[in-house]
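As you go down the protein sequences, you meet chains R and B in turn.
Heads up: the first sequence begins at 1 in full-length UniProt numbering, then just goes up one per residue.
Heads up: the second sequence begins at 1 in full-length UniProt numbering, then just goes up one per residue.
Each residue gets a CB set at the ideal place from its N, CA and C atoms; glycine is no exception.
Here the structure is a predicted model, which is why all the values come from computation and not from measurement.
Heads up: the structure comes next, in structure tokens.
Number of protein chains: 2
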Amino acid sequence: MPKQNNVFKEAYNRCLRLFETMDALPSEPELATRLAISRTTVRAVLKRLAEVGVIEWDKRRKQLLRRPEPADYFPDGETESLSEIIERNFMRRILAGDRRAGMQINELELARDIGVGTSAVREFLIRFSRFGLIEKRPNSHWVLKGFTREFALELTEVREMFELRSAHAFLALPAAHPAWAELDRVEADHRRLLADFGRRWNEFSELDERFHRLVHSASRNRFVVDFYDVIAMIFHYHYHWNKTNEQLRNRVAVEEHLDYIAALRSADPARLEASCRAHLKSARETLLASILPEGPAEAAAGELAEAPAAS
Amino acid sequence: MPKQNNVFKEAYNRCLRLFETMDALPSEPELATRLAISRTTVRAVLKRLAEVGVIEWDKRRKQLLRRPEPADYFPDGETESLSEIIERNFMRRILAGDRRAGMQINELELARDIGVGTSAVREFLIRFSRFGLIEKRPNSHWVLKGFTREFALELTEVREMFELRSAHAFLALPAAHPAWAELDRVEADHRRLLADFGRRWNEFSELDERFHRLVHSASRNRFVVDFYDVIAMIFHYHYHWNKTNEQLRNRVAVEEHLDYIAALRSADPARLEASCRAHLKSARETLLASILPEGPAEAAAGELAEAPAAS
DNA sequence: CAACTGTTTTTTATCGAGAATAACTATTGA
DNA sequence: TCAATAGTTATTCTCGATAAAAAACAGTTG
């Protein structure tokens, strides 16, 4: 079974969503641009829509016959890409389940458990390795280094270094730079969120990433920007699984962000430094608090795993 | 033709080299440890050695029949691993050959040109992408971002941030830490190199990496340490292909290293800062000098390549 | 004739197979 | 008995095949 047509299915769903509020149907190239897919897939989607009776399609005469209904959509599970499936499964395993450091990771077993080919798992692991949580023993297995306290400290150390530098670089951006406009929008979204916090507090995670990526982008340095992928990945799963005090934590973070944004606008480096540091400190503490304290048993397991590698 | 047996061949060659000066043949597990391979491969090697008549092998009675001759060795080229072959080819293409930024990279074409399977190329590109020189358009091609001036500046910016911090962390290492002993050895090797510089100056590249990795290791931060892989890769190919003033550059660098080492020993943060900065500055200038100045044509090419990505 | 549609070619994403290798288990002989 | 060896099983690494998706090419139409 080579390649699932999840690009098609996902595009089909997004197309339906589009047609719920759209009357004049756009041309094939325009749809392709809108959905960020190739025209080949657009035509497949249109063909199916015509078959199902949502639209009438004769060359360049396209007409909406009826509004899409919930039953028209493909189920969520089928639109997920293979790498997303693998990532979700893998992260659940190492963050939630049996996450002993030093544990071996078996490509074949992972592939069988998730129900995908080994190549997909291999490529995922290679991509994932840049996050520093796993390490390859050539011609042999992968070693799980574990989402440990050390990992969190190393991560936040670099994060703080990069973000402080980026924040200062932000100050130096010319007033006409689009980042300032985006900062306005991000701030407005923060205030909107705060106004209805009781209901929408769980939207914070997304906003958090958007704000910090904006700050990092001011560094104009691909290594700094790319490093945020590591942070985003960790925080994504962290937000996803660690629910203790979540609402309060998020509320504090929103306030800190607003202070941080004000500091960026103040053009006062000292104030920015203080505000940025304060926020980074509480982010670090939150992350550290979510990590189970490790006993010496864990360290021993790590050493045990180290030994057979040499032989 | 699945999988080249280059681990076997390389182990075979190293085994021959071992047997040139060895009389009592060791056991299988011991040989495996010595050659850092599995016993299975050791047995394959022994089997072949017996077939060729270098040894006699009956269960646990092994005997050397004759000394290995040059003709017994496998040719060197065949001992290179697949990923090394791909890396070398790829780097030659983008650093030496047609290195227009924005250029598309075609997996299939690369695989055909190099003469390997597509999976090997895919996996290489995924691994290589963390160096920030290429970027994937999902479901589509890779884009070469190019070894440009911007790349070099972004690389050195992070490098300087990390190395300064690591150098200061080095000062704080306890006197008993093994890094100080390694620093002694590295310094001694620098002096030895300097004593016979006219002949051995091209050994500097290796020593350079060893020294800087030692400094970075003091950070005790996997992201800092791993980042040196990017630097090492770039400098490796840079040393390999840019031969202008090479000897002089290396000599200057050796002197700077010695000053840097002395500064580490001085326990004087201000002196260390100055010495480290001076060396990093000249490293940056050397790297920048090796990059061809880019005209506006290059930037235009980059923009052109950006456009079709959306469609 | 520019934008669109129809058709064909190329490339990517994924799986399964098989050689090379590692890991595990049983055996042997001093 | 126990360390070294022999035999067996499991896993990684690589390739080739195939469907999905993208891209290129070739006609159409207002």
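- Counting only Cβ-Cβ distances below 7 angstroms, residue 222 (chain R) has contacts in chain B at 132 and 154, in chain order.
- Taking the Cα of residue 116 (chain B) as reference, the smallest distance to any Cα among B:103, B:82 and B:95 is reached at B:82.
- Chain R places no beta carbon closer than 8 angstroms to that of residue 103 (chain B), leaving this residue out of the contacts.
- Inter-residue distance for residue 210 (chain R) and residue 139 (chain R) is about 39 angstroms (C-alpha atoms, whole angstroms).
- For residue 233 (chain R), not one C-beta of chain B is nearer than 8 angstroms to its own C-beta.
- By the Cβ criterion, the stretch 145 to 163 of chain B is in contact with the stretch 209 to 224 of chain R, since at least three pairs of Cβ atoms, one from each stretch, lie closer than 8 angstroms.
- The shortest CA-to-CA distance from residue 191 (chain B) to any of B:147, B:207, B:179 and B:181 is the one to B:207.
- Between residue 280 (chain R) and residue 272 (chain R), the C-beta spacing is not below 8 angstroms.
- By the C-beta density criterion, residue 68 (chain B) is buried, having at least 16 other C-beta atoms within 10 angstroms.
- In the DSSP annotation of this structure, the continuous segment of the alpha helix (DSSP H) that includes residue 113 (chain R) starts and ends at 107 to 114.
- Cβ neighbours of residue 53 (chain R) within its own chain (closer than 8 angstroms, five residues either side excluded): 65 and 66.
- Residues 56 of the same chain have their beta carbon placed closer than 6 angstroms to that of residue 63 (chain R), with the five preceding and five following residues left out of the count.
- Counting C-beta atoms within 10 angstroms of its own C-beta, residue 9 (chain R) has 16 or more neighbours from the protein chains shown and is therefore classed as buried.
- Against chain R, a Cβ distance below 9 angstroms from residue 122 (chain B) picks out 119 and 123.
- The beta-bridge partner set that DSSP reports for residue 64 (chain B) consists of B:55.
- No Cβ-Cβ contact shorter than 8 angstroms links residue 94 (chain B) with residue 126 (chain R).
- Closer than 8 angstroms to the CB of residue 158 (chain R) there is at least one CB belonging to chain B.
- Residue 236 (chain B) and residue 205 (chain B) have their alpha carbons spaced roughly 7 angstroms apart.
- Excluding its 5 nearest sequence neighbours in each direction, residue 260 (chain R) has C-beta neighbours in its own chain below 7 angstroms: 275, 276 and 279, listed in chain order.
- If you ignore the 5 residues before and after residue 231 (chain R), its C-beta comes within less than 6 angstroms of the C-beta of 159, all in its own chain and listed in chain order.
- In the DSSP assignment, residue 69 (chain B) falls outside any alpha helix (DSSP H) and carries neither an H nor an E.
- With its beta carbon less than 8 angstroms from one in chain B, residue 226 (chain R) belongs to the interface.
- Residue 105 (chain B) is positioned such that its CB atom lies no closer than 8 angstroms to that of residue 89 (chain B).
- Residue 127 (chain B) belongs to the set of residues whose beta carbon lies under 8 angstroms from a beta carbon in chain R.
- The Cβ neighbour count for residue 145 (chain B), taken over all protein chains shown within 10 Å, is at least 16; the residue is labelled buried.
- The Cβ-Cβ distance between residue 143 (chain B) and residue 86 (chain B) does not fall below 8 angstroms.
- Closer than 8 angstroms to the CB of residue 161 (chain R) there is at least one CB belonging to chain B.
- Taking 8 angstroms as the CB threshold, residue 139 (chain R) lines the interface with chain B.
- When C-alpha distances from residue 132 (chain R) are compared across R:234, R:163 and R:70, the shortest belongs to R:234.
- Under the three-state reduction of DSSP output, residue 145 (chain R) falls in the coil class, being neither helix nor strand.
- Under the DSSP assignment, residue 136 (chain R) falls outside any alpha helix (DSSP H), being part of the beta strand (DSSP E) whose first and last residues are 134 to 136.
- If you draw a straight line from the Cα of residue 19 (chain B) to the Cα of residue 137 (chain R), it comes to about 28 angstroms.
- Listed along chain B are 139, each with a C-beta nearer than 7 angstroms to that of residue 7 (chain R).
- By a beta-carbon distance limit of 8 angstroms, residue 256 (chain B) contacts residue 282 (chain B). Their separation comes to about 6 angstroms.
- For the stretch 200 to 244 of chain R, the full-length alpha helix (DSSP H) segments reaching 4 residues or more read 204 to 217 and 222 to 241 along the chain.
- Here residue 216 (chain B) is near residue 225 (chain B), since their CB atoms are less than 8 angstroms apart.
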